[in-house]
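Written below as structure tokens is the structure these notes are about.
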Amino acid sequence: MALLTVAILVVTAIGVGRQYYRQVNEQHEAARRNARSEWVSQGSKNPHSAAHYGTYAFKPKYPMSLLDNGVDKYSGVSIYLEAHKRNDAQYMAAQDQTALSRFGDLSPDFILMFMVPLFIILIAFNSVSRERESGTLRVMMSQGISPWKLASGKWLAVFTPVAVLTGLVFLVGGVLLANLEDFGLFSWWPLILLALVYLLYYGVFINVSILVSASVRKSSLAFVLLLGIWILSCLGMPKATSVVADALYPYPTQLEFEEQIAEDKTNGLNGHDPWNAESKKLEAETLQKYGVDSVKKLPFNWDGYLMQKGEEHEAEIYFKHYQVLKEIYQKQSKVYRTSAALSPFLPARFLSMALCRTDYHAHWHFADEAEKYRLMLVGRLNGDMVDNSRTGQWDYRADEKLWRAVPDFAYEPVRYQSIVEANAGHFLVLLAWWVLSGVGMLVAVRQMKVF
Amino acid sequence: MTSLIKQRMLEAVNLSKSYNGVSALKGVSFKVNKGDIFCLLGANGAGKTTTINLFLNFISPTSGQALINQVDTAQQPLATKKMLAYIPENLMLYPNLTGVENLHYFSALAGRKYPSAELTNYLNEAGLQEVAHHQRVSTYSKGMRQKVGVAIALAKKADVLLLDEPTSGLDPKASNEFAALLKKLSELGVATLMATHDLFRAIETGTHIGIMKEGNLVESMTTDQINHQDLERLYLKHMN
Amino acid sequence: MFRLHVKYEWVSVWRDRWVVVLSLIFFGLLFFAIRNGQEKVLERQASIAKARGELRQAESKRRGEIDSVARGLRQYGEARRNPRLLSTYGQRMGKVVAMDAQPLAFVATGQSDLFTHFAKPKLYGEVYSLGFSELANPVQLLFGSFDLAFVCVYLLPLLVLAFSYNLLSSDKESGSLRLTLSQPVSLFSWLVAKLALRYAVVVGLIAATLLIVLAWHGIAMSTGLFWLLLLICVYVLFWFAVSFLVSLFGWSSGQNAIVLVSVWVVLVLLVPSIVSQLANAVYPVPSRINMIHNYRVAEADAEKRASEILTSYYRDHPELGQQDSTVANQYQFWLKYFASVDVLKKAVQPVLDEYDGALAQQQEWVDRFKVLSPAILFQDGLNDLAGTSTAHYTDFRHQVIEFNETWRNYFIPRMFANELLQASDLDQLPEPRYQSRVQPVWAIDLLLIVVFAAVVLGVSFRVYQTSSAERWLAS
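Residue numbers (our numbering), protein chains in the order written: chain A, 789 to 1239; chain B, 193 to 432; chain C, -4 to 470.
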């Protein structure tokens, strides 16, 4: 049967994806080790030079990403951490692939989100209209069956196989994922939640299919209408919403963004230019505080101190501009949330991505944590220079001991609790869809024409 | 002798048809001359429609021949189709076209182009009220559609007419009108083969009667050889 | 006879309410899609123009400053702030290398939402880290864009199927087919005539819609439009052929609809995604991260041996020796950097080449997969016509990198010679000349779709020959 094919497809997709996932994760693990060893064995040099050499932070992949790869293909996997500059995540997978990859991958989420509703439509489109056309509906209704019973009977007839297969798929998927060595962090709760989301999503489609089948005379018309609804929900609305979101809240170009930051930098505090107004003020204050008349007489390395202050100032500038980007993203998210009223696909998709830790929010969290780490790293290095050398002592060198003392970047992902809280809105919209479409279905069945 | 042969417009010669070993028609032979109205009676599945389909070359005979004016329909389908007119059971036509347009289209398919005045004439001759001529066929009743079918047959000036259950679903008035048309055509020399359940019409209008049972032509007679009651008795006898 | 079929088919088609409704919907979708595409193109051109304009302004300002400093009319305080310094000019005032939108860019977004369309070369920074990303919400990239390509690749086949799925079956179901077949006509020519008319209607509708919408948006006509229309016609022909084949099996209208939609799902949704997945599994993209690692190791090593490297660089490039060795070179830091870049390149070039080669091969292999579905071929052709395919962006990247080299090579010898900029030098600076070097492939795509259509039509003819009239008459 059709649903069985779907189930097999999904399980195969997970299996195939597992191989790829393992490969990618091995690459990342190797890269992480390499980055650490590069860092640790960079030899003895001035700590500030080490800060310029920098290191890399790699975004980890989680088991659930096998079920829904979300926006991972379209966001970078590694961030270069260096002094004076906050970098964007690099190496977006999509940029290295051909235009073929823009068609979408045959991943589990593709099948679960696109194909299963289509199959539901294929099964349910004539659930009522076929009976009407063949005349059996007339007989049934004349026997005194209540519309509620009829509707729920039809509904269960479609829902039961769908639910059983979804359950099976998630069970098998869960077992496969739980057995992925080394790439741990798998727990059953999000998987169950995800299954629930999908069941709600499928419920909406079943409701709508039966609604249309009951309201429309000819089966072929029901089919065309439902197909149109499917296309609108799954293909049309997401794209149209993107257009609207981009028109309302456009992003600046990369160049504009960089130039704005550069402008702020020139007009603000920096570490290499002792003639800058702010730094002069700071110098005067510090000199006064320590009661000396020249920076050379300070009990610490003034150059290092100035550079650290400059770094902090720059970090503020970056924070300000990245915050603008984040706001644009959040405003665009609101647009998507609004158009969820026109498509059940949108909230389901966002929920799925959130639960699999592959939505844009997860990426932002990683980027923010990497930035925190970067500031900590540069701070440690500058700090060492400040404490252990004197102003003008540019030949001060630190060595492996200091490099090792700086801990490796250990990324802790967002906890599921906060994911659930943040996405409660989407869940409610999906629930509303389910309830309202269900009510619509019952009303349609009650008022349907029997012949 | 030749004139006799020339009269033979429709002839089944030992016509047989089987599907996967199951015989639908077993060596049926009969002939219909000019002006004859041959009514094929029989239960559903007796082989009436199969016979008509063989004359239309909708199917090919397993053995035997279906001849129209001595031309084998299996050998020369297009040539034989030129000579016949056909009104199927439940004639539907094109719902979005008007009666006149349907008539024009199907006539042109047969290679006959008529100016609209003549088309109107044919429709009138078939008994379709003029008001309906330019309305869409989707608004017609079954009787009205039947009349367009008759007009198509008339316009084709065919020598042979094949009818499949023409009176089923017609009210008595329409049925009567149809019978009158058949008589008129018969007088013009058209040979008609009609498959029907309507015993009454068969006696009233037909010149010959054949009873089919399980692919065999079990009885064949002229209508002046039998009356209605006897026919009914004979028919029922074969139905058991 | 043909004209007869066509005339009545035309009348039938336009009296069908649904045809009119569908046509209007399609018109609306095309309008929205083209408008969207055009907006993106205008944005792109505007940002390029802005970058160029800003650069021109900055250049004329700098020219003034350089001139006044050279004439001694202006002081600049600290040495680092000298506007005549080659290093600062080279790093900050790079020319804009831009990939302008091609005339048909509005047709398909392709890869244009992933990449930036202009870049400025710099003196400092490694080639591999040259960012070509454009800022965007990845959700948008995931969902794809609502462009003409989307409407044509995905929705147009459905329009075609809606126009043709019940061509034979509705006549069969209503019984008018029996009447038709009792006339001396061949089913094949009758069906072909009906399809031909509907094909002409669909193609005419698209052409008219395109022309109207383009005129509305003030988009200029170009020869490319003709090729675009041809490509669309061929794709539509394929889908009519599929519909033709399916109707010859004599199923009911409902069954036809389901079968045809399934074919659509397989060819437009499943096959491309399966192929894409397979391509990644069988020919995975080589690891960039590995490449970075090799680079960084070499970089760390070079840093350790910095002055040693500079000395041997001088040895290898005697022409770069300073005229007056008593004056310290003001670009000392940069010279060390350039020398180390040279060393790094020698150490890392094989890795870079290997990576580039592997990537090119992967993309070549993946390109071969496109023959598996007309939808892929069509999308590929549209991307090519629009100038937004992977090949175009790869080519652009290469040209940016090449210009980067050219730019550096202007400055490096002069910096080694410890020179300063003159105002007149500004006219001698290298200018980028972007020219698309991509070979067009849309013609091949078009041909392959024609092959698909021909195969389907051939199979249809075979099916027709081997079936009896019973198939179309049995009910």
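Ideal placement from N, C-alpha and C gives every residue a C-beta, glycine not left out.
Against residue i, what residues of chain C qualify as contacts under a CB-to-CB distance less than 7 Å, listed in chain order?
i	result
LEU248/B	SER177
ASP1034/A	GLN135
ASN282/B	GLY170
Give the secondary structure of residue i by DSSP, where H, G and I count as helix, E and B as strand, and everything else as coil.
i	result
TRP1063/A	Confidence at TRP1063/A is low in this model, with a pLDDT of 48, below 50, so the placement of that residue is unreliable and no value is reported for it.
PHE141/C	coil
HIS1109/A	helix
PHE328/C	helix
ALA210/C	helix
CYS1144/A	coil
GLY319/B	coil
PHE846/A	strand
GLY352/C	helix
ARG874/A	strand
PHE1197/A	coil
PHE247/B	helix
ALA238/B	coil
TYR1117/A	helix
ILE287/C	helix
ILE911/A	helix
VAL395/C	helix
Just grab the DSSP bridge partners of residue i for me.
i	result
THR1054/A	In DSSP, THR1054/A forms no bridge with anything.
THR290/B	ARG328/B
CYS231/B	MET386/B and ILE401/B
ILE253/C	In the DSSP output, where bridge partners are listed per residue, ILE253/C has none listed.
So, for residue i: in the same chain, excluding its five sequence neighbours on each side, which residues have a beta-carbon less than 7 Å away from its beta-carbon?
i	result
PRO267/C	SER368, ALA370 and ILE371
LEU797/A	ILE899
ARG409/C	LEU81
ASP337/C	TYR308
TRP1063/A	Note on TRP1063/A: pLDDT 48, under 50, position unreliable in the model; no value is reported.
ASP1172/A	PRO835, ALA1186 and LEU1190
ASP1147/A	GLY858, VAL859, PHE1138 and MET1141
Can you list, in chain order, the residues of its chain with a C-beta nearer than 6 Å to that of residue i? Leave out the 5 residues immediately preceding and following it.
i	result
VAL346/C	MET286 and ASN289
PRO949/A	LEU791
GLY1059/A	Annotation note: pLDDT 46 at GLY1059/A (below 50); position unreliable, coordinate value reported separately. Contacts found: LEU1094, MET1095 and GLY1098.
LYS2/C	none
In chain B, what lies closer than 7 Å to residue i by C-beta?
i	result
VAL180/C	LEU301
ARG10/C	ASN288
By Cβ distance below 8 Å, which residues in the same chain neighbour residue i in space, the five residues on each side in sequence not counted?
i	result
ILE1049/A	ILE1105, TYR1106 and HIS1109
LEU163/C	LEU172, LEU186, SER242, LEU243, GLY245 and TRP467
GLU414/C	LEU81
ASN206/B	GLY219, VAL220, SER221, SER255, GLY256 and GLN257
LYS1006/A	SER917 and GLU921
ARG(-2)/C	none
Could you list which residues in chain C have their beta carbon closer than 8 Å to that of residue i, in chain order?
i	result
TYR808/A	ASN275, ALA276 and PRO279
SER252/B	SER463
PRO1201/A	Correct list: empty, because the minimum Cβ distance to chain C is about 18 Å.
THR793/A	Result: empty, since nearest Cβ-Cβ is about 11 Å, beyond 8 Å.
Using the beta-carbon of each residue, which ones in chain A are nearer than 7 Å to residue i?
i	result
TYR149/C	LEU1023
LYS299/C	GLY831
Applying a beta-carbon distance threshold of less than 8 Å, which residues of chain B neighbour residue i?
i	result
TYR3/C	TYR286, LEU289, GLU293 and TYR297
The stretch 273 to 286 of chain C / the stretch 806 to 815 of chain A touching (three or more Cβ pairs under 8 Å):
yes
Would you be able to state if there are at least three C-beta pairs under 8 Å between the stretch 333 to 348 of chain B and the stretch 275 to 285 of chain B?
yes
Validate contact between the stretch 351 to 361 of chain C and the stretch 882 to 895 of chain A using beta carbons, cut 8 Å, 3 pairs
yes
When the Cβ atoms of the stretch 418 to 428 of chain B are set against those of the stretch 264 to 272 of chain B, are three or more pairs found closer than 8 Å?
No: the two stretches stay apart, fewer than three of their Cβ pairs being nearer than 8 Å.
Within 8 Å, do at least three Cβ pairs link the stretch 196 to 213 of chain C to the stretch 82 to 96 of chain C?
The stretch 82 to 96 of chain C and the stretch 196 to 213 of chain C do not touch, with fewer than 3 CB-CB distances between them shorter than 8 Å.
For the structure I just gave you, are there three or more beta carbon pairs, one from the stretch 941 to 958 of chain A and one from the stretch 901 to 912 of chain A, closer than 8 Å?
yes
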